[in-house]
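For the sequence shown, position 66 matches number 113 in this note's numbering, and the numbering has no gaps at all. Using N, Cα and C, we set each Cβ at its ideal position, and we do this for glycine too. For reference, the structure discussed in these notes is given below.
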Amino acid sequence: MVQYSTIVNASLEKVWEHLILKIEKPENFVPGVSDVIILDKNEDFVNRKMTITVEGNATTLVEKITFVPYKVRFLLLEHPKFEGYVDNDIKAISDTETEMTFTINWKDKTTQSEFDNTEMVKNAVLKTKNYIEEN
Numbered sequence: 048m049v050q051y052s053t054i055v056n057a058s059l060e061k062v063w064e065h066l067i068l069k070i071e072k073p074e075n076f077v078p079g080v081s082d083v084i085i086l087d088k089n090e091d092f093v094n095r096k097m098t099i100t101v102e103g104n105a106t107t108l109v110e111k112i113t114f115v116p117y118k119v120r121f122l123l124l125e126h127p128k129f130e131g132y133v134d135n136d137i138k139a140i141s142d143t144e145t146e147m148t149f150t151i152n153w154k155d156k157t158t159q160s161e162f163d164n165t166e167m168v169k170n171a172v173l174k175t176k177n178y179i180e181e182n
């Protein structure tokens with residue numbers, strides 16, 4: 048498990064609205080995202096296919112995304128290397144500050160070793176924070 052938290056200078060409601068937007072427009076929030084396709088959408092979940100390019104390597108994945116205030120879970124349905132999920136959690140610190148935590152619970156399908164790229168998680172959190180504060 049890899050986790051990173053930061054304080055966003057925005058209300059809980061604003062951060063939540065952006066986390067919901069992130070489901071259909073992840074390229075605004077996550078570095079290296081392209082080719083986003085919503086496969087299925089209803090009031091309980093969204094299935095999404097997208098490509099992520101990290102250090103020149105492109106990976107296509109499919110996720111089932113569930114969302115209840117104030118948690119969004121991105122469950123991997125298809126990924127060539129990993130299985131597991133990512134949680135985006137938020138909680139109010141004050142009327143104008145929200146704590147945002149991303150937790151990656153991925154394991155290598157072959158070795159069962161845990162994903163441990165802290166820098167990637169930190170970059171995703173900070174890109175999301177910056178986008179929310181600027182928009």
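- With a cutoff of 9 angstroms on beta-carbon distance, Asn135 and Val119 are scored as near each other.
- Judged by beta-carbon spacing, Lys169 lies beyond the 9 angstroms limit of Ser160, meaning their Cβ atoms are not closer than that value.
- Straight through space, the alpha carbons of Gly79 and Glu102 are spaced by roughly 9 angstroms.
- Linking Phe162 to Glu130 through their CA atoms gives a straight-line distance of about 10 angstroms.
- The beta-bridge partner set that DSSP reports for Gly131 consists of Trp153.
- In this structure, the beta-carbon distance from Ile99 to Val133 does not fall below 9 angstroms.
- DSSP places Met48 in the coil class of the three-state scheme, outside both helix and strand.
- In the structure shown, the three-state DSSP call for Glu161 is strand.
- Linking Lys111 to Thr143 through their CA atoms gives a straight-line distance of about 31 angstroms.
- The residue from Gln50, Tyr117, Ile70, Thr113 with its alpha-carbon nearest to that of Met97 is Ile70.
- In this structure, Ile151 keeps its C-beta atom at 9 angstroms or more from the C-beta atom of Val62.
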